[in-house]
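**Student:**
Protein chains: 2
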Amino acid sequence: MHVRHISAALAVAISLLTLPAAADTPKATPTAKELIAKSKPQEWRTPDPENLLYMQLPQGRVVIELAPDFTPLHAANIRTLVREHYFDGLAIIRVQDNFVTQWGDPNDDDNGDKSKIKSLGTAKSKLPPEYTRTVDSKLPWTPLPDGDVYAPQAGFTEGFPAARDPATGREWLTHCYGMVGVARDIAPDSGSGNSLYAVIGQAPRGLDRNLAIAGRVIEGMQYLSAFPRGTGPLGFYTQAAQRTPIVSVRVAADLPPSEREKLQVLRTDSATFAAIVEAKRNRRDAFYTLPAGKIDVCNIDIPVRTEPAASAQH
Amino acid sequence: MHVRHISAALAVAISLLTLPAAADTPKATPTAKELIAKSKPQEWRTPDPENLLYMQLPQGRVVIELAPDFTPLHAANIRTLVREHYFDGLAIIRVQDNFVTQWGDPNDDDNGDKSKIKSLGTAKSKLPPEYTRTVDSKLPWTPLPDGDVYAPQAGFTEGFPAARDPATGREWLTHCYGMVGVARDIAPDSGSGNSLYAVIGQAPRGLDRNLAIAGRVIEGMQYLSAFPRGTGPLGFYTQAAQRTPIVSVRVAADLPPSEREKLQVLRTDSATFAAIVEAKRNRRDAFYTLPAGKIDVCNIDIPVRTEPAASAQH
Chain F
0 MHVRHISAAL
10 AVAISLLTLP
20 AAADTPKATP
30 TAKELIAKSK
40 PQEWRTPDPE
50 NLLYMQLPQG
60 RVVIELAPDF
70 TPLHAANIRT
80 LVREHYFDGL
90 AIIRVQDNFV
100 TQWGDPNDDD
110 NGDKSKIKSL
120 GTAKSKLPPE
130 YTRTVDSKLP
140 WTPLPDGDVY
150 APQAGFTEGF
160 PAARDPATGR
170 EWLTHCYGMV
180 GVARDIAPDS
190 GSGNSLYAVI
200 GQAPRGLDRN
210 LAIAGRVIEG
220 MQYLSAFPRG
230 TGPLGFYTQA
240 AQRTPIVSVR
250 VAADLPPSER
260 EKLQVLRTDS
270 ATFAAIVEAK
280 RNRRDAFYTL
290 PAGKIDVCNI
300 DIPVRTEPAA
310 SAQH
Chain X
0 MHVRHISAAL
10 AVAISLLTLP
20 AAADTPKATP
30 TAKELIAKSK
40 PQEWRTPDPE
50 NLLYMQLPQG
60 RVVIELAPDF
70 TPLHAANIRT
80 LVREHYFDGL
90 AIIRVQDNFV
100 TQWGDPNDDD
110 NGDKSKIKSL
120 GTAKSKLPPE
130 YTRTVDSKLP
140 WTPLPDGDVY
150 APQAGFTEGF
160 PAARDPATGR
170 EWLTHCYGMV
180 GVARDIAPDS
190 GSGNSLYAVI
200 GQAPRGLDRN
210 LAIAGRVIEG
220 MQYLSAFPRG
230 TGPLGFYTQA
240 AQRTPIVSVR
250 VAADLPPSER
260 EKLQVLRTDS
270 ATFAAIVEAK
280 RNRRDAFYTL
290 PAGKIDVCNI
300 DIPVRTEPAA
310 SAQH
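So the sequences go chain by chain: F and X.
Take the first sequence: its position 269, counting from 1, is numbered 268 in numbering that gives the first Met the number 0, and each next residue is one higher.
Take the second sequence: its position 38, counting from 1, is numbered 37 in numbering that gives the first Met the number 0, and each next residue is one higher.
Put into structure tokens, the structure is as follows:
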């Protein structure tokens, strides 16, 4: 048995890191890589650098795209915290397996030193919930026909996985892998964005509509997901030495253009995105003989790439 | 803001590692911990030690429960491999973020040294697929009423998440977090159990019915999920030094009883399990004001505990 072959075959069906389909399966479903190679430049969007956070960890950089159309007050407050360097020197404080990695101020905890809690500066210490919002018919909405266990409708809007309830006219971002939420206290308005979490396991959709989602990790999830799990209750680290420090967090717009990453996100209302979703929903090739026929909103990876050099776009 | 409070509140809703509900929420949904504390001894089963694998890693022990009622030939072949110490000295060869951690023989790969491939001994090198099986009405089946994106029916049987299709009369184990599958080559009968993978991200349900599931990790997932992600294609490690060695794998039955772990798994057809599922489906407390009302089969943790001392059972 060749493990290498196993992996290639798995890739054909389920990964963006795919290898070409085997030559002996001419009618195989195209891979995401193949579909992306044929995409048009206008199918990609370059996120507004005002909405991109660069979180520098010792292991590497994590890039988060904020979702101000869903959580505008949180996006503004997080930018304020970042611009006043609130996060610099704070840490990864919690990693609960199959759930979340959370970061913030280790002293803002029962085990912390209250006298050392870092000031929020000019940022607000609490904000209106922003858990859901009224459906905005002006924004793109790409529904999935596959059904959803947790919501009447699921789909994508502006590059984020989301759900809708026509009965209430509300929509909300969904807690899929890599989504970044706002930790809070009991009171619904007690979140400020000074402690955030990223989903690192099976989508905890029960959190939907109960917490604000600030955005999505578009680069560097492999760092946030691989920290040793905390051994304290709920995955909190119990000793300072276990915590990974946050070197810095910056808003991309505050860096000179030459220091910004040239990231592009595939438009979720593009033909190529639709083709990628369909290819994953009904993958059929030498390896996969029984296509699923359905796909869950949280099983769809939204492609991110570095902008190709100009010559490559022709 | 007190992060400690945030975590306690989150715990109430979504974790087995829960803290008691706040005293000011007398009608709060009971936590899993509270429900487990009231469970009866007969609601727990002690897995057959013939079906338990102890995989010793430098970080700690991983315990896998085989599922011989679904994949009997694979269970038998894996036991043969284990008993001939096939896995001892092999390694974690692949960690692909939001997908799987895979282990096996690093030399059984395009980058490996073919001359050093480890013999399978008396184990078979290929097996019939065992991806699905005929519904066995004699085995317990606990369906979920919540619906499922990928299958006509989802639920639990004998402690494993599973799905059914009444139209075909087939049932199969589902690729939820922590499930252990059998890597294979292109040919459906090319899996032997000599390379296995555990799901470490959003359930890749598209794999259901296309790969054999050998069992489930019931202890030690926090080790398998936290390895550095491989940087080669599909998450394979590219250098030997990146691979974590497997110290040994043993069948629990082959160890003296005094060296076995006294693990118990909550019966998935028990009243306490049903209560835990319902509490997670419709969690309502001071923190969660909007219960999900639904739950996905892969969002339900099947409780595992160390058998209480005899005195604690009265």
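Don't be surprised by glycine CBs; every beta carbon is placed ideally from N, CA and C.
Assuming F/E218 and F/V99 are in contact, meaning their beta carbons sit under 8 Å apart, how far apart are those beta carbons, in whole angstroms?
**Tutor:** So it is not a contact: roughly 18 Å between Cβ atoms.
**Student:** Please classify X/D108 as buried or exposed, where buried requires at least 16 neighbouring CB atoms within 10 angstroms.
**Tutor:** Buried.
**Student:** Run through the DSSP bridge pairs and tell me what X/R242 is partnered with.
**Tutor:** Note: X/R242 sits in no beta bridge, so no partner.
**Student:** Is there a Cβ from chain X that is less than 8 Å from the Cβ of F/F86?
**Tutor:** No, F/F86 lies away from the interface with chain X (no Cβ there is under 8 Å from its Cβ).
**Student:** Taking DSSP's pairing of strands, which residues face X/L56 in a bridge?
**Tutor:** DSSP, once it has assigned bridges, lists X/G59 as partnering X/L56.
**Student:** Shorter than 8 Å from the beta carbon of X/P160 to some beta carbon of chain F?
**Tutor:** With 8 Å as the cut-off, X/P160 does not count as an interface residue toward chain F.
**Student:** Check whether the Cβ of X/H245 lies closer than 8 Å to any Cβ atom in chain F.
**Tutor:** Sequence inspection shows Ile at residue 245 of chain X; the His mentioned does not correspond to that position. No - not a single Cβ of chain F is within 8 Å of the one on X/I245.
**Student:** Excluding sequence positions up to five away, which residues of its chain have a Cβ less than 7 Å from the Cβ of F/A211?
**Tutor:** Excluding positions up to five away in sequence, the list reads T70, H73, P128, E129, Y130, G180, V181, G190.
**Student:** Output needed for X/A161: all residues of its chain with C-beta closer than 7 Å, excluding positions within five of it in sequence on either side, in chain order.
**Tutor:** Closer than 7 Å at Cβ, skipping near neighbours: G154, F155, E170, W171, L172, T173.
**Student:** So, is the C-beta of F/N76 closer than 8 Å to a C-beta in chain X?
**Tutor:** No, because no Cβ of chain X sits closer than 8 Å to the Cβ of F/N76.
**Student:** Would X/A211 pass as an interface residue toward chain F - the criterion being a Cβ-Cβ separation below 8 Å?
**Tutor:** It does not; no Cβ of chain F falls within 8 Å.
**Student:** Give me the chain F residues within the contact set of X/N50, using Cβ-Cβ distance strictly less than 8 Å, ordered along the chain.
**Tutor:** Within chain F, no residue comes near X/N50; the closest Cβ sits about 23 Å away, beyond 8 Å.
**Student:** Provide the residue span of the alpha helix (DSSP H) that contains F/R280, from first to last.
**Tutor:** F/R280 -> alpha helix (DSSP H) spans 270-280.
**Student:** For X/V246, I'd like the list of residues in its chain whose CB is within less than 6 Å of its CB, leaving aside the five on either flank, ordered along the chain.
**Tutor:** Counting only Cβ-Cβ distances below 6 Å, and skipping sequence neighbours, we find Q55.
**Student:** Taking the alpha carbon of X/V303 as the reference point, which residue from X/I63, X/Q58, X/K26, X/G59 has its own alpha carbon closest?
**Tutor:** Out of X/I63, X/Q58, X/K26, X/G59, X/I63 has the C-alpha closest to the C-alpha of X/V303.
**Student:** Using a C-beta to C-beta distance shorter than 7 Å, which residues of chain X count as neighbours of F/M54?
**Tutor:** The premise fails here: F/M54 is roughly 17 Å from chain X at the closest Cβ pair, so nothing lies under 7 Å.
**Student:** Is the segment 85-93 of chain F close to the segment 277-290 of chain F, with three or more CB pairs under 8 Å?
**Tutor:** With a cut-off of 8 Å, the segment 277-290 of chain F and the segment 85-93 of chain F do not count as touching, because too few Cβ pairs lie within range.
**Student:** Is it right to say F/P105 is buried, meaning 16 or more other beta carbons lie within 10 angstroms of its own, or is it exposed?
**Tutor:** With 16 or more other Cβ atoms within 10 Å, it is buried.
**Student:** For F/T141 and F/T305, I'd like the C-alpha separation in whole angstroms.
**Tutor:** Approximately 24 Å between the Cα atoms of the pair.
**Student:** Assign X/A166 to one of two classes, buried (16 or more other C-beta atoms within 10 Å of its C-beta) or exposed (fewer than that).
**Tutor:** X/A166 should be labelled exposed.
**Student:** Going along the chain, which residues of its own chain have a beta-carbon closer than 8 Å to the beta-carbon of F/L262, five neighbours each way excluded?
**Tutor:** Cβ neighbours of F/L262 beyond the five flanking positions: T45, P46, L51, V62, I217, E218, V303, R304, T305, E306.
**Student:** Could you tell me which residues DSSP pairs with X/Q221 in its beta bridges?
**Tutor:** None; X/Q221 has no bridge partner.
**Student:** In terms of residue numbering, what span does the beta strand (DSSP E) encompassing X/A153 cover?
**Tutor:** Taken as a continuous stretch (DSSP letters only), the beta strand (DSSP E) holding X/A153 covers 152-156.
**Student:** How long is the line joining the alpha carbons of X/K113 and X/P139, rounded to whole angstroms?
**Tutor:** The straight-line gap from Cα to Cα measures roughly 45 Å.
**Student:** Look at the Cβ atom of X/R132, then the Cβ atom of X/V250, and state whether they are nearer than 8 Å.
**Tutor:** Their beta carbons are not under 8 Å apart, which means X/R132 does not touch X/V250 by this criterion.
**Student:** Could you pull out every residue in the same chain whose Cβ sits closer than 8 Å to the Cβ of F/G292, ignoring the five residues on either side in sequence?
**Tutor:** Cβ neighbours of F/G292 beyond the five flanking positions: R280, N281.
**Student:** Exposed or buried, what is X/P29 when buried is set at 16 or more other beta-carbons lying within 10 Å of its beta-carbon?
**Tutor:** X/P29 is buried by the Cβ-count criterion.
**Student:** In this structure, does DSSP put F/T141 in helix, strand or coil?
**Tutor:** It is a strand residue.
**Student:** Just curious, the beta strand (DSSP E) that X/L262 is in, first and last residue?
**Tutor:** Residues 262-265.
**Student:** Rounded to a whole number of angstroms, what is the C-alpha to C-alpha distance between X/Y53 and X/V198?
**Tutor:** Distance between the alpha carbons of X/Y53 and X/V198 is about 18 Å.
**Student:** In this structure, what does DSSP give as the bridge partners for F/F226?
**Tutor:** In the DSSP output, where bridge partners are listed per residue, F/F226 has none listed.
**Student:** Which residues, in order along the segment 179-196 of chain F, keep a beta-carbon less than 8 Å from a beta-carbon of chain X?
**Tutor:** Flagged, chain order: A182, R183, D184, I185, P187, S189, G190, S191, N193, S194.
**Student:** For F/D147, count neighbouring C-beta atoms within 10 Å of its own C-beta (all shown protein chains included) and say buried if the count is 16 or more, exposed if not.
**Tutor:** When all chains shown are included, F/D147 counts as buried.
**Student:** Please identify the residue among X/P57, X/E49, X/K37 whose C-alpha is closest to the C-alpha of X/R82.
**Tutor:** The option with the nearest alpha carbon to X/R82 is X/E49.
**Student:** Can you grab the Cα-Cα spacing for the pair F/L80 / F/G192, in whole Å?
**Tutor:** Whole-angstrom Cα-Cα distance: 8 Å.
**Student:** Given a cut-off of 8 Å on the beta-carbon distance, is the pair X/P57 and X/T243 in contact?
**Tutor:** Cβ atoms of X/P57 and X/T243: closer than 8 Å.
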